[in-house]
Amino acid sequence: MSIETIIQQAAIKAVKTLYQADVNSKQVQVQNTRKEVSGDITIVVFPFLRLSKKSPELTAEDLGNYLKEKIDIVDSFNVIKGFLNLDINKNYWFNILKDVFSNPDFGTKVANDDSDVVMIEYSSPNTNKPLHLGHIRNNLLGYSISEIVKANGKKVVKTNIVNDRGIHICKSMYAWQQWGNGETPESSGLKGDHLVGKYYVEFDKHYKAEIAELIENGLEKESAENQAPSIIATRELLLKWEAKDEDTIQLWKTMNGWVYAGFDVTYKTLGVDFDKIYYESDTYLIGRDEVLRGLAEKTFYQKEDSSVWVDLSGEGLDQKILLRSDGTSVYITQDIGTAKMRFNDYPISKMVYVVGNEQNYHFQVLAKLLDKLGYSWGKDLYHFSYGMVELPSGKMKSREGTVVDADDLVEGMVKVARDMSIELGKLDSLSGKELEDTFRMIALGALKYFILKVDPRKNMMFNPEESIDFNGNTGPFIQYTYARIQSILRKAADRNVSILADLNMDSMEPKEKELLKRLSLFPAAVQEAGDNYSPAVVASYCYDLVKEFNQFYHDHTILGETDANIMNFRLVLASAVGSVIKKAMSLLGIEMPQRM
RNA sequence: GCCCCGGUAGCUCAGUUGGAUAGAGCGUCGCCCUUCUAAGGCGAAUGUCAUGGGUUCGAAUCCCUUCCGGGGUACCA
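Just so we're aligned: the first sequence equals residues -2 to 593 in my numbering.
Below, the structure written as structure tokens:
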């Protein structure tokens, strides 16, 4: 039971005894005491004034006296206006420290056979272009949320739906056929996904030129967009693909193969992975069958041009197309099929889609569609809607080439990490792979923390002109603190100092107690992050912990301490902080170096 | 037009059930390495919490107005 809960329940009893009145836990506001004020935990007494019919100060005095007498972890108290600040007995804090030190599962819950299965879809790339910074945010969030949900005692299935078919894929295929001259990753030395992306951009260039020409010849914009030769050819290609034309399928397989090889490299670099991968090419027909079933059951309707629609105007939404007039599927068709397949494959109790907020409307429609098709789980799907990454110049657009490429960004950061490490000269004891791994760890730590510390729901700004920081509230700052702790623990081991969970001390320094308080908040942070699907909560917690540790580290020596009990206590404290840092950062997918 | 989301220091961001003097980092100006790693610590300056109103003992937080920005809005994904 957390300290907040203990105090809260005690306060409810106190009010009952003192004022013969019932209050619920919501009315008892318990918060951490502000740093400038003495005390550990604070009760806000304003809500009780009506019951006590006394001044805030006297009410707080009443409560304080009661708690001091009845609750053994409350040592003493002070009152400032309507705030009752309680001092908690040191043994309470010592017990927390012992728990952190000796319990490897401190702060997290472990899943068992009966735990809920949560399926988390993330990444979901199109196979017509390489990944960019927006995808990085998606991948990092998806991975981190998976780890956080796991830490809250759920079974997690990480999944990826690869959008490997559709008109957009045909665009790069067509462009490659027309202007590719047989170029391959081998012949050009280009990473597969970058090669295919090049032809996607190429398509757009030609398509735009054709539209401009048609408009010049007197066509309206809309008809020009529909009659440009490139788009007509691309539509034919999609029809041939859906008809399983052999050459078209072969080209599709070849080009997608290039892209997958490229994606694998990027995924590995980012340290993300999946338990189950679905391909739209396998699921879209199931979706189409579902749509046709809905049509037969008159859930949906058909227009004269034979396109299929759903009318959601009764639910406050619009009409939505489900199959085009030429019979091919649209984006939402495959999502229906994929959902059906997944629920057949796994005993899913919650389905989470990590997809950008530009698709909020899409997921509202999807939930209602699944519901209409008779799937009870449809309306419970959760769209984890995250914000866009914006550049100073505006939104990133793959077609126009105004993106921050994922591979380039990571490589650039590794270079910065390498240069900086060499300049600081701290890694001279390492060499070869170990050294290179540390550079990558630091670079990825900086990038991941930069992305994940921001509230996922909000749009965020990235300025390519300014490199991502390595000082201050950053991943490397946290890694650095961890490395310092490991250095101390190594030195302690060298001197044969054993670290005991047995703590014998009369009092603590303020910085020591502050650190203990921070440690005690870890379980609440993990839970809050899980409840809100927010890696930023973990990042923020970890930063506060690390900042607190650095102050302690600055003010107090550990190995230089002459009192053996105090030295042992500080070693236990440092070790515990180290393990919490490591665990918290692992929830963000950030690794901790032994040295840096 | 309609719907959704956002606006906090020069910049990037915290601030979740309404609580004490609104906080960090970067940048700026100072200070601290004969002492466990200075990717660190300490101090200074910087705010009409977009705007106007309302509810409340108390509002950055809840409700309404206006302004600004982003996204979506029937055959892109």
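Backbone N, C-alpha and C fix where the C-beta goes; we use that ideal spot for every residue, glycine too.
Could you please give me the residues that DSSP links to residue i through a beta bridge?
{"i": "asparagine 632", "result": "Nothing can be reported for residue 632, as the shown portion of the chain is limited to -2 through 593."}
{"i": "methionine 458", "result": "Glu387"}
{"i": "lysine 51", "result": "BP columns for lysine 51 are empty, so no partner."}
{"i": "tryptophan 306", "result": "Tyr298, Ile318"}
{"i": "phenylalanine 80", "result": "Val41, Ile77"}
{"i": "serine 382", "result": "Val352"}
{"i": "glutamine 548", "result": "None, per the DSSP bridge assignment."}
{"i": "threonine 399", "result": "Lys394"}
{"i": "methionine 116", "result": "Val154, Met348"}
{"i": "asparagine 86", "result": "Paired residues: none, contrary to the question."}
{"i": "glutamine 26", "result": "Val41"}
{"i": "serine 326", "result": "Leu320"}
{"i": "isoleucine 274", "result": "Asn157"}
{"i": "valine 71", "result": "Ile85"}
{"i": "asparagine 123", "result": "Asn160"}
{"i": "lysine 508", "result": "DSSP output for lysine 508 lists no bridge partner at all."}
Indicate whether residue i and residue j have their beta-carbon atoms separated by less than 9 Å.
{"i": "glycine 284", "j": "threonine 325", "result": "no"}
{"i": "glycine 36", "j": "asparagine 82", "result": "yes"}
{"i": "glutamate 545", "j": "lysine 579", "result": "no"}
{"i": "threonine 435", "j": "methionine 582", "result": "no"}
{"i": "isoleucine 93", "j": "leucine 516", "result": "yes"}
{"i": "valine 401", "j": "leucine 388", "result": "yes"}
{"i": "isoleucine 555", "j": "leucine 568", "result": "yes"}
{"i": "leucine 319", "j": "leucine 366", "result": "yes"}
{"i": "isoleucine 329", "j": "methionine 116", "result": "no"}
{"i": "alanine 443", "j": "phenylalanine 459", "result": "no"}
{"i": "lysine 514", "j": "asparagine 160", "result": "no"}
{"i": "methionine 393", "j": "leucine 192", "result": "no"}
{"i": "leucine 48", "j": "alanine 18", "result": "yes"}
{"i": "isoleucine 38", "j": "isoleucine 9", "result": "no"}
{"i": "methionine 385", "j": "serine 464", "result": "no"}
{"i": "valine 34", "j": "leucine 60", "result": "no"}
{"i": "methionine 617", "j": "threonine 280", "result": "The structure shown does not extend to residue 617, since the chain spans only -2 to 593, so no value can be given for it."}
{"i": "glycine 79", "j": "threonine 105", "result": "no"}
{"i": "alanine 221", "j": "isoleucine 212", "result": "yes"}
{"i": "valine 362", "j": "valine 413", "result": "no"}
{"i": "tyrosine 119", "j": "asparagine 109", "result": "no"}
{"i": "leucine 486", "j": "isoleucine 496", "result": "yes"}
{"i": "leucine 138", "j": "valine 351", "result": "yes"}
{"i": "isoleucine 3", "j": "isoleucine 70", "result": "yes"}
{"i": "alanine 440", "j": "histidine 132", "result": "no"}
Excluding sequence positions up to five away, which residues of its chain have a Cβ less than 8 Å from the Cβ of residue i?
{"i": "aspartate 96", "result": "Phe103"}
{"i": "tryptophan 255", "result": "Thr181, Pro182, Gly189, Asp190, Leu192, Val193"}
{"i": "glutamate 277", "result": "Ile158, Val159, Asn160, Asp161, Arg162, Gly163, Gln331, Thr335"}
{"i": "arginine 481", "result": "Tyr550"}
Among residues of its own chain, excluding the 5 on either side of residue i, which ones have a beta-carbon nearer than 6 Å to its beta-carbon?
{"i": "aspartate 368", "result": "Gly375, Lys376"}
{"i": "glutamine 356", "result": "none"}
{"i": "tyrosine 196", "result": "Ser169, Ala172, Trp173"}
{"i": "methionine 438", "result": "Glu588, Pro590"}
{"i": "lysine 126", "result": "Gly194, Tyr197, Ser395"}
{"i": "tyrosine 16", "result": "Leu48, Ser49"}
So, is residue i buried or exposed, given that buried needs 16 or more other C-beta atoms within 10 angstroms?
{"i": "lysine 241", "result": "exposed"}
{"i": "histidine 380", "result": "buried"}
{"i": "tyrosine 538", "result": "buried"}
{"i": "methionine 252", "result": "buried"}
{"i": "glycine 472", "result": "buried"}
{"i": "histidine 551", "result": "exposed"}
{"i": "proline 122", "result": "buried"}
{"i": "aspartate 261", "result": "exposed"}
{"i": "valine 25", "result": "buried"}
{"i": "leucine 421", "result": "exposed"}
{"i": "aspartate 201", "result": "buried"}
{"i": "alanine 648", "result": "Missing from the structure shown is residue 648; the chain here goes from -2 to 593 and no further."}
{"i": "alanine 489", "result": "buried"}
{"i": "glutamine 483", "result": "buried"}
I'd like the list of long-range same chain contacts for residue i, defined as Cβ closer than 7 Å, with 5 residues on each side in sequence excluded.
{"i": "valine 451", "result": "Met457, Ala533"}
{"i": "phenylalanine 271", "result": "Lys155, Thr156, Asn157"}
{"i": "valine 153", "result": "Val115, Ile117, Ser143, Val146, Lys147"}
{"i": "leucine 512", "result": "Glu545, Phe546, Phe549, Leu570, Val574"}
{"i": "serine 141", "result": "Leu449, Pro532, Leu584, Leu585, Gly586"}
Start-end ranges of the beta strand (DSSP E) lying completely within the segment 130 to 174, minimum 3 residues: 152 to 159
Length at least 3, wholly inside the segment 189 to 270: the beta strand (DSSP E) runs in chain order: none
In chain order, each alpha helix (DSSP H) run of at least 4 residues that lies wholly inside the segment 544 to 588: 561 to 583
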